[in-house]
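As you go down the protein sequences, you meet chains W and C in turn.
Under this note's numbering, the first residue of the first sequence carries the number 1, and numbering increases by one thereafter.
Under this note's numbering, the first residue of the second sequence carries the number 1, and numbering increases by one thereafter.
Step one of this worksheet: look at the structure below.
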Amino acid sequence: MRISEWLKLLEEKGCVEAIKGLLEKIERSELNAYITVCKNEALKLAEDFDKGRLRGKLAGIPVAVKDNITTTGVRTTCASKILSNYVPIFDAHVVERLKAEGAIIIGKTNMDEFGMGTTTETSYFGVVKNPHDLTRVAGGSSGGSAAVIANGEAVLALGSDTGGSIRCPASFCGIYGLKPTYGLVSRYGLIPYANSLEQIGPMANCIEDLALLLEIISGKDERDSTNSGRGFVFRMEKISKIGIIKNMEAEDSIMDKFYEVMNNFDYEEIEISSLKYALSSYYVIAMSEASSNLARYDGVRYGYFSPQLSSWSDYYSRVRAEGFGEEVKRRIMLGSYALSAGYYGKYYLKALRARTLIVDDFKNAFNEFDVLVSPTMPSLPFKIGELKDPLTMYKMDVNTVPVNLAGLPALNIPVGFVKGLPVGLQIIGNYFEENKMLSFAKMIEEFS
Amino acid sequence: MVSVEEVYYVSKLAKLSISEEEVEKFRKDFEEILSYFDILDEIEENIKPTFHVLEISNIFREDFERESIKQNKVLLNAPRREEGYFIGPKVVE
Chain W
1 MRISEWLKLL
11 EEKGCVEAIK
21 GLLEKIERSE
31 LNAYITVCKN
41 EALKLAEDFD
51 KGRLRGKLAG
61 IPVAVKDNIT
71 TTGVRTTCAS
81 KILSNYVPIF
91 DAHVVERLKA
101 EGAIIIGKTN
111 MDEFGMGTTT
121 ETSYFGVVKN
131 PHDLTRVAGG
141 SSGGSAAVIA
151 NGEAVLALGS
161 DTGGSIRCPA
171 SFCGIYGLKP
181 TYGLVSRYGL
191 IPYANSLEQI
201 GPMANCIEDL
211 ALLLEIISGK
221 DERDSTNSGR
231 GFVFRMEKIS
241 KIGIIKNMEA
251 EDSIMDKFYE
261 VMNNFDYEEI
271 EISSLKYALS
281 SYYVIAMSEA
291 SSNLARYDGV
301 RYGYFSPQLS
311 SWSDYYSRVR
321 AEGFGEEVKR
331 RIMLGSYALS
341 AGYYGKYYLK
351 ALRARTLIVD
361 DFKNAFNEFD
371 VLVSPTMPSL
381 PFKIGELKDP
391 LTMYKMDVNT
401 VPVNLAGLPA
411 LNIPVGFVKG
421 LPVGLQIIGN
431 YFEENKMLSF
441 AKMIEEFS
Chain C
1 MVSVEEVYYV
11 SKLAKLSISE
21 EEVEKFRKDF
31 EEILSYFDIL
41 DEIEENIKPT
51 FHVLEISNIF
61 REDFERESIK
71 QNKVLLNAPR
81 REEGYFIGPK
91 VVE
């Protein structure tokens with residue numbers, strides 16, 4: 001559902017009735033997309049709206065928030081057992097911005113544990129099902145946020161993207177999802193997985209809604225020292241040179257669909273040679289940062305704890321072993337390994353050097369092109385349980401991780417269906433050129 | 001090749017107890033994943049590492065007093081607390 005459609009609903013029956021209808025829909029849903037539904041808070045705000053007391057650019061609009069973004073008084077779990085009882089005492093910057101504009105936070109969405117996955121199958125709360133086929137995954141890690149948008153269980157949603165976590169589920173669910181330039185949106189209140197790679201971003205059913213949400217959440221916040229201080233205002237821009245990244249591939253049926261869309265435009269094909277290092281570089285960096293970030297979970301200050309206190313090292317190791325899932329443990333351990341004496345030079349530093357090559361290659365490409373394009377995912381949505389071993393799952397991120405390494409913005413747009421399943425196209429922009437991406441997305445929309 | 005001892009060693013570094021059943025599975029996964037990372041060996045040593053992509057540094061704010069979070073709020077999520085303190089496991093034997 002788009003904002004314009006929701007506003008019509010508000011006019012027809014008022015906000016309380018509209019929200020009640022939405023809550024019923026959520027209750028009936030089989031998708032498992034929400035971890036927590038903010039029923040009472042939402043109804044209270046709906047009442048305020050009907051009395052004319054709720055104002056702002058998002059007044060009365062239900063927004064879903066990924067469960068790794070803190071919300072005062074509303075449980076925030078990162079879909080992990082270790083945070084399953086955690087109730088934050090502060091709002092993330094993006095949540096402050098939503099509230100300031102009168103948005104109604106309708107619930108917290110399911111995800112891969114700490115964002116570590118491509119299917120939401122690592123969630124402590126179970127997998128999110130794909131609204132287009134309940135036997136398939138919604139994608140990850142922001143699978144809940146994508147599924148609720150696709151299924152009309154929210155009008156807007158926030159996700160976070162460390163290596164494709166917005167774009168992958170957006171592609172699998174057939175919606176729009178944008179990963180902003182690194183530093184455009186404050187990460188204050190985003191529970192960290194890999195700080196140097198991740199950004200919070202908007203998910204929506206159309207380009208205008210997506211752009212509006214980005215306008216609201218972007219901008220200066222001194223509580224995130226990597227915040228650029230820049231804001232975003234949506235306007236159409238001229239696109240003259242389009243590049244297709246030839247060595248970002250997908251299975252044949254997806255490539256056919258991709259070229260069916262792209263053949264409406266003049267484009268050039270380019271090859272970015274450093275991309276062959278991207279997956280390895282990304283996983284080494286993400287795991288290393290994760291091993292450091294997730295050291296904070298100690299069963300003392302918040303989160304899951306063990307009733308039995310023992311020696312420090314034993315207690316800490318036991319709480320973490322019981323509280324983290326398998327994929328999270330794997331990444332923490334591999335990160336510790338990559339940073340340990342003797343391996344730092346071989347893995348971590350090499351990954352950062354590869355990152356330099358990727359950054360430089362993209363900079364050169366953007367000297368020539370306005371936008372770069374590829375299929376978002378190499379495959380159609382997987383069957384639940386289909387991806388058995390971790391490395392096969394990591395390889396599904398091959399087209400999405402390069403932009404996180406480079407800090408560039410990228411966008412998934414739905415371009416149709418293959419075998420009844422959604423296909424997404426990825427548009428990559430130069431630093432802070434979200435408007436060029438959105439303008440090209442608009443051009444594609446006009447053709448379909 | 002990754003040995004069982006290395007997996008135990010790294011689990012100690014990461015403060016994660018792992019069981020005997022888990023260790024072999026992790027060993028196999030690590031071997032497969034780490035050998036995939038070997039492509040990074042091709043990267044030349046003379047390339048500068050990129051720790052952060054934004055070309056900003058030393059972001060300071062004005063240094064003035066401001067209200068901080070109240071002590072009782074900070075302790076709200078703590079499983080064990082006493083007289084305004086967290087209770088943790090014994091650090092010194």
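All C-beta atoms in this analysis are idealised placements derived from N, C-alpha and C, irrespective of residue type, glycine included.
Owing to the predicted nature of the structure, the values given are computational and were not obtained by experimental measurement.
Under 9 angstroms by beta carbon: chain W residues contacting residue i
{"i": "C:Tyr36", "result": "Leu279, Ser280, Tyr283, Leu391, Tyr394, Lys395"}
{"i": "C:Asn115", "result": "Residue 115 of chain C lies beyond the range of chain C shown here (1 to 93); nothing can be said about it."}
Residues sharing a beta bridge with residue i, DSSP
{"i": "W:Tyr394", "result": "DSSP, once it has assigned bridges, lists no residue as partnering W:Tyr394."}
{"i": "W:Thr162", "result": "None, per the DSSP bridge assignment."}
{"i": "W:Arg136", "result": "W:Lys383"}
{"i": "W:Val74", "result": "W:Thr71"}
{"i": "W:Pro414", "result": "W:Gly424"}
{"i": "C:Phe86", "result": "C:Arg81"}
{"i": "W:Val401", "result": "Paired residues: none, contrary to the question."}
{"i": "W:Asn130", "result": "W:Asp133"}
{"i": "W:Thr36", "result": "W:Lys108"}
{"i": "W:Val373", "result": "W:Ile244, W:Ile427"}
{"i": "W:Lys57", "result": "Looking at the DSSP assignment, W:Lys57 forms no beta bridge with any residue, so it has no partner."}
{"i": "W:Val65", "result": "W:Lys108, W:Leu158"}
Amino acids of chain C, ordered along the chain, whose beta-carbon sits closer than 9 angstroms to that of residue i
{"i": "W:Lys436", "result": "By Cβ distance, chain C contributes nothing, its closest Cβ being about 19 angstroms from W:Lys436, past 9 angstroms."}
{"i": "W:Val359", "result": "Thr50, Val53"}
{"i": "W:Arg320", "result": "Ala14, Lys15, Leu16, Ser17"}
{"i": "W:Arg355", "result": "Pro49, Thr50, Phe51, Val53"}
{"i": "W:Leu275", "result": "Going along chain C, no residue has its Cβ under 9 angstroms from W:Leu275, so there is no contact; the nearest lies around 11 angstroms."}
{"i": "W:Ser228", "result": "Leu54, Ile56"}
{"i": "W:Leu449", "result": "One cannot answer for residue 449 of chain W here, as it falls past the ends of chain W, which runs 1 to 448."}
{"i": "W:Lys329", "result": "Ser11, Ala14, Leu16, Ile18, Glu22, Phe26"}
Proximal residues of chain C, C-beta to C-beta of residue i below 8 angstroms
{"i": "W:Ile166", "result": "None at all; the shortest Cβ gap to chain C is about 18 angstroms."}
{"i": "W:Ile332", "result": "Ala14, Leu16"}
{"i": "W:Leu349", "result": "Pro49"}
{"i": "W:Trp312", "result": "Gly88, Pro89, Lys90, Val91"}
Rounded Cβ spacing between residue i and residue j (contact assumed at less than 8 angstroms)
{"i": "W:Met203", "j": "W:Ala157", "result": "4 angstroms"}
{"i": "W:Phe172", "j": "W:Val137", "result": "7 angstroms"}
{"i": "W:Asn247", "j": "W:Glu271", "result": "5 angstroms"}
{"i": "C:Leu40", "j": "W:Tyr347", "result": "7 angstroms"}
{"i": "W:Ala59", "j": "W:Gly102", "result": "3 angstroms"}
{"i": "W:Leu438", "j": "W:Ala170", "result": "In fact, because the Cβ distance is near 14 angstroms, the residues do not count as touching under 8 angstroms."}
{"i": "W:Ile3", "j": "C:Lys73", "result": "Not a contact, Cβ separation roughly 35 angstroms."}
{"i": "W:Val373", "j": "W:Ala406", "result": "Not really, about 16 angstroms apart at Cβ, beyond 8 angstroms."}
Residue i and residue j closer than 9 angstroms at C-beta
{"i": "W:Glu40", "j": "W:Ala79", "result": "According to the sequence provided, residue 40 of chain W is Asn. The question's Glu does not apply to it. Cβ atoms of W:Asn40 and W:Ala79: not closer than 9 angstroms."}
{"i": "W:Ile242", "j": "W:Phe265", "result": "yes"}
{"i": "C:Ile56", "j": "W:Tyr283", "result": "no"}
{"i": "W:Ser492", "j": "C:Phe37", "result": "Residue 492 of chain W lies beyond the stretch modelled for chain W, which goes from 1 to 448, so this question has no answer here."}
{"i": "W:Ile244", "j": "W:Glu269", "result": "yes"}
{"i": "W:Tyr188", "j": "W:Arg223", "result": "yes"}
{"i": "W:Asp256", "j": "W:Glu198", "result": "no"}
{"i": "W:Lys66", "j": "W:Ser186", "result": "no"}
{"i": "W:Val319", "j": "W:Gly416", "result": "no"}
{"i": "W:Phe440", "j": "W:Thr181", "result": "no"}
{"i": "W:Glu450", "j": "W:Leu134", "result": "Since the first residue shown for chain W is 1 and the last is 448, residue 450 of chain W is missing from the structure and cannot be characterised."}
{"i": "W:Asn404", "j": "W:Gly115", "result": "no"}
{"i": "W:Pro316", "j": "W:Gly299", "result": "The sequence shown places Tyr at residue 316 of chain W, rather than the Pro named in the question. Cβ distance < 9 angstroms, so W:Tyr316 and W:Gly299 count as in contact."}
{"i": "W:Gly139", "j": "W:Met393", "result": "no"}
{"i": "W:Ser228", "j": "W:Leu190", "result": "no"}
{"i": "W:Asn68", "j": "W:Pro381", "result": "no"}
{"i": "C:Ala78", "j": "W:Arg301", "result": "yes"}
{"i": "W:Glu434", "j": "W:Leu411", "result": "yes"}
{"i": "W:Thr71", "j": "W:Asp91", "result": "yes"}
{"i": "W:Ser141", "j": "W:Gly174", "result": "no"}
Within chain C, the residues that residue i reaches when beta carbons sit closer than 7 angstroms
{"i": "W:Leu190", "result": "Simply none; closest approach about 16 angstroms."}
{"i": "W:Tyr182", "result": "Val53, Leu54"}
{"i": "W:Ala406", "result": "Val53"}
{"i": "W:Lys81", "result": "Going along chain C, no residue has its Cβ under 7 angstroms from W:Lys81, so there is no contact; the nearest lies around 14 angstroms."}
Proximal chain W residues relative to residue i, where beta-carbon distance stays under 7 angstroms
{"i": "C:Gly84", "result": "Chain W residues near C:Gly84: none, gap ~13 angstroms exceeds 7 angstroms."}
{"i": "C:Arg61", "result": "Glu222"}
{"i": "C:Ser11", "result": "Met333"}
{"i": "C:Glu32", "result": "Leu391"}
Proximal chain W residues relative to residue i, where beta-carbon distance stays under 8 angstroms
{"i": "C:Val23", "result": "Those do not exist, as C:Val23 stays about 11 angstroms from chain W at its closest Cβ, beyond 8 angstroms."}
{"i": "C:Phe51", "result": "Ser196, Leu352"}
{"i": "C:Val4", "result": "The premise fails here: C:Val4 is roughly 13 angstroms from chain W at the closest Cβ pair, so nothing lies under 8 angstroms."}
Closer than 8 angstroms: residue i CB and nearest the ligand NAD heavy atom
{"i": "W:Val127", "result": "You won't find the ligand NAD in this model; it holds no ligand whatsoever."}
Subject >> Minimum length 4: unbroken alpha helix (DSSP H) runs contained in the stretch 191-237 of chain W >> reply: Contiguous alpha helix (DSSP H) elements confined to the stretch 191-237 of chain W occur at 207-217, taking only those with 4 or more residues.
Subject >> Contained beta strand (DSSP E) runs [length at least 3] in the stretch 34-64 of chain C, N- to C-terminal order >> reply: Unbroken beta strand (DSSP E) stretches of 3 residues or longer found wholly inside the stretch 34-64 of chain C: none.
Subject >> Unbroken stretches of the beta strand (DSSP E), 3 residues or longer, contained in the stretch 245-285 of chain W >> reply: Whole beta strand (DSSP E) segments, 3+ residues: 268-270.
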